[in-house]
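Take any residue in the sequence shown, note its place counting from 1, add 139, and you have its number in the working numbering.
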Amino acid sequence: MTTPDHVRIFDTTLRDGEQSPGASMTLEEKLQIAEMLEALGVDIIEAGFPIASNGDFEAVREIAKVVKEPVICGLARAGFRDIDRAAEALEGARRARIHTFISTSPVHMKHKLQMEPEAVYEAVIASVRRARTHTDDVEWSPEDATRTDRDFLCRCVEAAIKAGATTVNIPDTVGYSTPDEYGELIAMLLSRVPNADKAVFSTHCHNDLGLAVANSLAGVRAGARQVECTINGLGERAGNAAMEEIVMALKVRADRMPFDTRIRTEQITRASRLVSQITGFPVQYNKAIVGKNAFAHESGIHQDGMLKNNQTYEIMTPESVGLTSSSLVLGKLSGRHAFREKLKALGYELGDNALQDAFNRFKTLADKKREIFDDDIVALVDDEIMRAHDRIRVKALHIVAGTGGPQKATLTLEVDGEERSVEATGSGPVDATFNAIRALVPHTARLQLYQVHAVTEGTDAQAEVSVRLEEKGKTVVGRGADTDTLVASAWAYVSALNKLLLKRDRTAPPAEDHGASALG
Ligand code: KIV
Ligand code: ZN
Numbered sequence: 140m141t142t143p144d145h146v147r148i149f150d151t152t153l154r155d156g157e158q159s160p161g162a163s164m165t166l167e168e169k170l171q172i173a174e175m176l177e178a179l180g181v182d183i184i185e186a187g188f189p190i191a192s193n194g195d196f197e198a199v200r201e202i203a204k205v206v207k208e209p210v211i212c213g214l215a216r217a218g219f220r221d222i223d224r225a226a227e228a229l230e231g232a233r234r235a236r237i238h239t240f241i242s243t244s245p246v247h248m249k250h251k252l253q254m255e256p257e258a259v260y261e262a263v264i265a266s267v268r269r270a271r272t273h274t275d276d277v278e279w280s281p282e283d284a285t286r287t288d289r290d291f292l293c294r295c296v297e298a299a300i301k302a303g304a305t306t307v308n309i310p311d312t313v314g315y316s317t318p319d320e321y322g323e324l325i326a327m328l329l330s331r332v333p334n335a336d337k338a339v340f341s342t343h344c345h346n347d348l349g350l351a352v353a354n355s356l357a358g359v360r361a362g363a364r365q366v367e368c369t370i371n372g373l374g375e376r377a378g379n380a381a382m383e384e385i386v387m388a389l390k391v392r393a394d395r396m397p398f399d400t401r402i403r404t405e406q407i408t409r410a411s412r413l414v415s416q417i418t419g420f421p422v423q424y425n426k427a428i429v430g431k432n433a434f435a436h437e438s439g440i441h442q443d444g445m446l447k448n449n450q451t452y453e454i455m456t457p458e459s460v461g462l463t464s465s466s467l468v469l470g471k472l473s474g475r476h477a478f479r480e481k482l483k484a485l486g487y488e489l490g491d492n493a494l495q496d497a498f499n500r501f502k503t504l505a506d507k508k509r510e511i512f513d514d515d516i517v518a519l520v521d522d523e524i525m526r527a528h529d530r531i532r533v534k535a536l537h538i539v540a541g542t543g544g545p546q547k548a549t550l551t552l553e554v555d556g557e558e559r560s561v562e563a564t565g566s567g568p569v570d571a572t573f574n575a576i577r578a579l580v581p582h583t584a585r586l587q588l589y590q591v592h593a594v595t596e597g598t599d600a601q602a603e604v605s606v607r608l609e610e611k612g613k614t615v616v617g618r619g620a621d622t623d624t625l626v627a628s629a630w631a632y633v634s635a636l637n638k639l640l641l642k643r644d645r646t647a648p649p650a651e652d653h654g655a656s657a658l659g
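See the structure below:
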């Protein structure tokens, strides 16, 4: 049951978020994120666009089977094949939603769809009716709604509701709107469309002008009761409205916006880190809510104020978004029990084998690093989870580096249980290491990104390395963490290779359906 003031959180990290160039994810990663979203308490997960590829179809199907608390949604264009494919992917869901859309703005209808408005209007009715033959929970979106003629938009919305849409989503596909305009649009639809009370209205705002969150909140204030958003604001171009910002704005400013969500806000930091690690998209340091500096107080005046009373410079506590203070947590002498308790506090529940593996790595780390912080444990455990099903593993790496060159890497990998070793040179130790991997596991993937960041402070900090590889249009991101940057680099590259091996074939959507070759 929902109250009139409940705002549903519709997460589209796995669909619109995954459409960001370079952010594509493997099936296992999507499942990991979907489980995280369930723990976070989102109402609806848009799990993918099933007709887009076999990979998308499988991901939606797996998520629908495994994740039971939220409604699982699949996207479909207005064509029947799209809609039927989405329904097929959602068969195992406890509660399934089909989200069907078609462009309604003059520019999209003319140039993208090459359809007359009346044909679009007919397609709205037919597509929603078709979706209703599969499920009672149907969402309809007029793509590029904010640039659509208002009278035509009202007609289409009315028709969609009459045909059975239970949610009407109003996308600001190109991030063009402003808060007052977007709020007025929602209010206008609610007052002018005769059957508007029969559907939940939803916001879907892109961030091209940096207004996605403000526009979404204006929509809610005007009567929308669903917000579509992504973790870290991931999404096409400048991204979507960031879930963490919307949820915390509603929570912190309940005096101005008295609406509730079911989000367990203490899980926000973990969700943000997971999405960042999986996609290899770093979170900007000063990003609201989840940036590294969002709760850091550096200047003397601020620190002095904080010591006297933390309300002087903090409008919400770090704990409310799940940021545990990065204090010294465990050391060399900590036992398995303390380690398990720590993991629980950080939100991890590992099976016995995974716990033992993570604990062994923790002990190795504690031998190398004097102080172990929460962030170290998070990096280590996430790394361990990602390695669980790897076919290629790093067994040993020795480097000759320094001035003079050429730098040399001697590497041993285990590939499907068999050990292989090689020596390779390169311009620098990282290059030599990657050349060694290429010699042991020949492949044509191209290195698109190599990125290093320190997990904590100090020269004994763990390095967290991300590597993005691209092969035939497919991209994967691998990650490795170790106190030795080169070992972390080798693991990151190997982890990306493992994902390439896993990645399902992705095929382009067929061209004959009502076209959305590029979705917003
Ligand atoms: O931005 C957009 O218009 C979309 C639709 C597919 C809902 O993502
Ligand atoms: Zn979008």
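Each residue gets a CB set at the ideal place from its N, CA and C atoms; glycine is no exception.
Identify whether residue i lies in helix, strand or coil by the three-state DSSP scheme.
i: Asn308; result: strand
i: Arg475; result: helix
i: Pro281; result: strand
i: Asn354; result: helix
i: Val460; result: helix
i: Ser465; result: The predicted position of Ser465 is uncertain, since its pLDDT is 48 and thus under 50; no value can be drawn from it.
i: Lys481; result: helix
i: Ala363; result: coil
i: Phe434; result: coil
i: Gly665; result: Nothing about residue 665 can be reported from this structure: the residues present for the chain run from 140 to 659 only.
i: Val626; result: helix
i: Val520; result: helix
i: Leu489; result: coil
i: Pro649; result: Residue placement at Pro649 is poorly supported in this model, since its pLDDT is 43, which falls under 50; the coordinates are not used for a value here.
i: Lys426; result: coil
i: Ile417; result: helix
For residue i, is the classification buried or exposed, using 16 other Cβ atoms within 10 angstroms of its Cβ as the cut-off for buried?
i: Asn193; result: exposed
i: Pro281; result: buried
i: Tyr632; result: buried
i: Ser465; result: Here the model assigns Ser465 a pLDDT of 48, short of 50, so the residue's position is not dependable and the matter cannot be decided.
i: Asp275; result: exposed
i: Leu472; result: exposed
i: Ala477; result: exposed
i: Val210; result: buried
i: Ala657; result: Here Ala657 scores only 35 on pLDDT, less than 50, and its place in the model is too uncertain to base an answer on.
i: Ile454; result: exposed
i: Ser566; result: exposed
i: Leu292; result: buried
i: Ala602; result: buried
i: His343; result: buried
i: Gln158; result: buried
i: Asp515; result: buried
i: Pro397; result: exposed
Quick one: Cα of residue i to Cα of residue j, how far?
i: Ala410; j: Pro457; result: 15 Å
i: Arg577; j: Thr564; result: 12 Å
i: Ile172; j: Gly541; result: 41 Å
i: Leu625; j: Thr285; result: 49 Å
i: Ala505; j: Ile511; result: 7 Å
i: Asn371; j: Gln423; result: 9 Å
i: Leu462; j: Ile148; result: 22 Å
i: Gln590; j: Ile264; result: 48 Å
i: Asp521; j: Leu413; result: 8 Å
i: Ala351; j: Val539; result: 50 Å
i: Val181; j: Arg401; result: 7 Å
i: Val460; j: Ala258; result: 47 Å
i: Thr141; j: Glu557; result: 56 Å
i: Gln365; j: Glu174; result: 21 Å
i: Glu320; j: Gln587; result: 40 Å
i: Ala191; j: Gly161; result: 17 Å
i: Thr152; j: Asp221; result: 20 Å
i: Asn308; j: Glu278; result: 7 Å
i: Ile183; j: Ala380; result: 15 Å
i: Glu177; j: Thr583; result: 37 Å
i: Ile300; j: Arg269; result: 13 Å
i: Gly678; j: Met387; result: The structure shown has nothing for residue 678, since the chain only spans 140 to 659.
May I ask whether a heavy atom of the ligand GDP can be found less than 6 Å away from the beta carbon of residue i?
i: Thr564; result: Within the structure as shown, the ligand GDP is missing, the only ligands being the ligand KIV and the ligand ZN.
Runs of beta strand (DSSP E) wholly within the region 543-615 (minimum 3 residues, chain order): 546-554, 557-565, 585-593 and 602-610
3 or more residues per run - each beta strand (DSSP E) lying fully within the region 189-261: 210-215 and 235-242
Continuous alpha helix (DSSP H) assignments of at least 4 residues falling wholly in the region 365-392: 382-391
Completely contained beta strand (DSSP E) runs for the region 284-351, where each covers 3 or more residues: 306-311 and 339-344
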